[in-house]
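Below is one structure; the comments refer to it alone.
Chains as they are written, first to last, in the numbering used here: chain A, 1 to 213; chain E, 1 to 213.
Structure follows, in structure tokens:
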């Protein structure tokens with residue numbers, strides 16, 4: 001005779017009827033259908049003090065207000081965690097961007113809009129991240145936060161330009177290390193003449209296009 | 001005189017009224033309120049062939065069916081990407097788990113239920129990941145996929161036990177490298193006597209408790 005009831009912590013097969021499960025992986029279509037989730041990576045690049053973090057933060061907020069899952073990867077949550085074992089030599093800088101690109105890709109694959117906010121001065125590093133997303137069929141938006149170095153240096157929120165000019169910091173982007181501007185970014189934000197709100201709107205429009213794919 | 005209209009691609013301040021933005025970061029309360037999102041990490045640990053990936057996959061699916069943002073981190077999407085530059089010596093194994101723990105933490109912080117599926121044989125490595133989450137006020141569930149090695153070896157889905165027994169693979173967990181079982185996991189799944197459906201239910205119940213915090 002079949003057991004009909006049992007220990008509540010160990011119910012029989014009849015307890016399993018409310019679990020819908022089938023073999024196989026969760027697909028991106030499943031995520032779109034069940035969660036309304038379409039991931040993508042929004043890659044902010046620009047000089048120190050260009051306004052990347054401010055815009056990234058405002059964009060994250062605007063997306064979440066709209067019910068879109070978004071998450072910001074920046075120095076605060078990456079440099080002190082995942083990349084805490086990396087320094088600032090050429091190899092470590094490349095590895096820093098590589099890891100961030102891989103993590104952003106995982107978020108995008110999960111259905112989240114990942115917003116990265118790093119100087120990421122070298123074109124080759126950014127192109128590798130772009131290719132990584134393209135190969136995985138994931139949306140990638142390069143956002144050039146295009147602020148003249150004079151403006152960045154006059155803002156100098158962390159006093160870093162001053163230190164770099166004084167030779168206290170070596171290899172500082174824009175001073176004694178190059179910033180390679182994007183050749184054809186999806187979005188350009190000339191922040192010297194664009195408000196934060198307008199910058200966010202431009203990003204939102206581009207995100208809408210890429211998520212609608 | 002104030003400019004009232006302009007180039008549509010460059011509208012004036014009146015174009016910004018539909019962007020709600022305030023200074024500051026997106027908080028976890030914001031994510032909960034706007035997205036219904038409460039993240040956590042579900043850390044599956046167990047021998048090769050214990051059933052971690054099968055259960056992780058079914059759990060991810062069950063969460064998404066319920067409208068809960070979930071994402072699985074496993075060998076497929078981590079070993080070939082973020083951790084592609086790691087081998088299998090002791091240091092690299094530790095770094096492998098460290099990075100996975102950091103990425104899971106980012107997902108949990110983003111409001112996603114991260115489900116990790118790695119043997120993760122060493123207690124100290126898992127305890128570090130647990131502490132990382134505790135320090136950040138994020139939920140962490142250690143799920144011990146408790147399958148006797150005889151059962152795992154009889155399944156041997158990838159033929160790895162056979163190779164390890166033949167000495168073709170060295171340092172194989174359970175054969176010539178230790179598996180340190182969790183001392184007090186939040187969930188234990190004796191898969192030899194528990195269906196996948198029941199295993200998933202136990203995880204769901206534990207996740208509900210930790211997300212309800």
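Glycine residues also receive a C-beta, built at the ideal position from the N, C-alpha and C atoms.
| request: For residue 192 of chain E, name the three-state secondary structure that DSSP assigns. | output: Residue 192 of chain E falls in the coil class under three-state DSSP.
| Segment contact, 8 Å Cβ cut-off, at least three pairs: the region 161-169 of chain E with the region 61-74 of chain E | Verdict: no, contact absent.
| field | Neighbourhood of residue 140 of chain E by C-beta, 6 Å cutoff - its chain only, sequence neighbours within 5 removed | value | Here the set comprises 41, 130, 133.
| Of all the residues that make up the region 77-104 of chain A, which are near chain E by a beta-carbon distance shorter than 7 Å? | Taken in chain order, the members of the region 77-104 of chain A whose beta-carbon sits within less than 7 Å of a beta-carbon on chain E are 77, 81, 82, 99, 102, 103.
| Amino acids of chain A, ordered along the chain, whose beta-carbon sits closer than 7 Å to that of residue 144 of chain E | The premise fails here: residue 144 of chain E is roughly 16 Å from chain A at the closest Cβ pair, so nothing lies under 7 Å.
| said: Can you give me the C-alpha to C-alpha distance between residue 91 of chain A and residue 174 of chain A, rounded to a whole angstrom? | reply: Each residue's CA atom was taken as its position, placing residue 91 of chain A and residue 174 of chain A some 19 Å apart.
| message | Please state the DSSP three-state secondary structure of residue 58 of chain A. | response | Judged by DSSP in its simplified three-state form, residue 58 of chain A adopts helix.
| Who pairs with residue 140 of chain E in a beta bridge, going by DSSP? | Beta-bridge partners of residue 140 of chain E (DSSP): E:41.
| query | From this set, A:157, A:159, A:49, A:75, which residue's C-alpha is nearest residue 148 of chain A's C-alpha? | reply | Shortest Cα-Cα distance from residue 148 of chain A to any of A:157, A:159, A:49, A:75 involves A:49.
| query | Can you check whether the CB of residue 113 of chain E is closer than 9 Å to the CB of residue 99 of chain E? | reply | No; because the gap between Cβ atoms is not below 9 Å, this pair is not in contact.
| task | Specify, as a first and last residue, the run of the alpha helix (DSSP H) that residue 99 of chain E falls within. | result | Per DSSP, residue 99 of chain E belongs to the alpha helix (DSSP H) from 90-110.
| field | Coarse secondary structure for residue 73 of chain E, derived from DSSP in three states | value | It is a strand residue.
| Is residue 84 of chain A buried or exposed, if buried means 16 or more other CB atoms sit within 10 Å of its CB? | It is exposed - the Cβ of residue 84 of chain A has fewer than 16 other Cβ atoms within 10 Å.
| Exposed or buried, residue 154 of chain E, counting other C-beta atoms within 10 Å across all chains shown (16 or more means buried)? | It is exposed - the Cβ of residue 154 of chain E has fewer than 16 other Cβ atoms within 10 Å.
| query | If you check the beta carbons only, do residue 104 of chain A and residue 37 of chain A fall under 9 Å apart? | reply | No.
| Given that residue 34 of chain E touches chain A, what residues does it touch there, using C-beta distances under 8 Å? | Near residue 34 of chain E (Cβ distances below 8 Å), the residues of chain A are 64, 65, 67.
| In its own chain, which residues sit with a C-beta less than 6 Å from the C-beta of residue 123 of chain E, not counting the 5 before and 5 after it? | Excluding residues within five positions, the ones whose Cβ falls inside 6 Å are 180.
| query | Is the CB-CB distance between residue 144 of chain E and residue 194 of chain E below 9 Å? | reply | With respect to residue 194 of chain E, residue 144 of chain E sits apart: the two C-beta atoms are not nearer than 9 Å.
| Are the C-beta of residue 212 of chain A and some C-beta of chain E separated by less than 9 Å? | Contact with chain E is absent for residue 212 of chain A, since none of that chain's Cβ atoms lies less than 9 Å from the residue's Cβ.
| So who's on the other strand from residue 117 of chain E, going by DSSP bridges? | For residue 117 of chain E, which the question treats as bridged, DSSP gives the partners E:44, E:74.
| request: Could you name the residues of chain E that residue 60 of chain A contacts, counting a contact when the two beta carbons are closer than 8 Å? | output: Against chain E, a Cβ distance below 8 Å from residue 60 of chain A picks out 26.
| field | Cut-off 6 Å between Cβ atoms - residues of its own chain near residue 52 of chain A, not counting five sequence neighbours on either side | value | Leaving aside the five residues that flank residue 52 of chain A on each side, the residues in its chain whose CB is nearer than 6 Å to its CB run, in chain order, 44, 46, 117, 145.
| field | First through last residue of the alpha helix (DSSP H) which encompasses residue 135 of chain E | value | That run of the alpha helix (DSSP H) goes 123-135.
| message | Does chain E have any CB closer than 9 Å to the CB of residue 155 of chain A? | response | No, residue 155 of chain A lies away from the interface with chain E (no Cβ there is under 9 Å from its Cβ).
| query | Taking buried to mean at least 16 other C-beta atoms within 10 Å of its own C-beta, is residue 205 of chain E buried or exposed? | reply | So residue 205 of chain E ends up on the exposed side.
| query | Which bits of chain A does residue 206 of chain E rub up against, with CB to CB less than 9 Å? | reply | What residue 206 of chain E touches in chain A: nothing, since even the nearest Cβ is about 12 Å away.
| query | Whose CA, out of A:187, A:212, A:210, lies closest to the CA of residue 202 of chain A? | reply | Of A:187, A:212, A:210, the residue nearest in Cα terms is A:187.
| query | Can we count residue 168 of chain E as close to the ligand ZN, meaning its CB is less than 8 Å from some heavy atom? | reply | Absence of the ligand ZN from the depicted structure is noted, as is the absence of any ligand whatsoever, leaving it without description.
| Extent of the continuous alpha helix (DSSP H) run through residue 161 of chain E | Per DSSP, the unbroken alpha helix (DSSP H) holding residue 161 of chain E starts and ends at 160-165.
| message | So, at 7 Å on beta carbons, what are the nonlocal neighbours of residue 35 of chain A in its own chain, with the 5 sequence-adjacent residues on each side left out? | response | Excluding residues up to 5 positions away in sequence, 111 lie with their Cβ nearer than 7 Å to the Cβ of residue 35 of chain A in the same chain.
| task | Kindly indicate which three-state DSSP category residue 212 of chain A falls into: helix, strand or coil? | result | It is coil, neither helix nor strand.
| Once you ignore the five residues that flank residue 211 of chain A on each side, which residues in its own chain have a CB closer than 7 Å to its CB? | So the qualifying residues of the chain are 38, 40, 139.
| query | Among E:26, E:208, E:178, which has the Cα closest to the Cα of residue 69 of chain A? | reply | If you compare the alpha carbons of E:26, E:208, E:178 with that of residue 69 of chain A, the shortest gap goes to E:26.
| query | Using a beta-carbon distance below 9 Å, is residue 106 of chain E in contact with chain A? | reply | For residue 106 of chain E, the answer is yes, since a Cβ of chain A falls inside 9 Å of its Cβ.
| message | Can you confirm whether residue 71 of chain E, when its beta carbon is compared against all beta carbons of chain A, has any partner nearer than 9 Å? | response | Put simply, the CB of residue 71 of chain E is near chain A, with a gap under 9 Å to one of its CB atoms.
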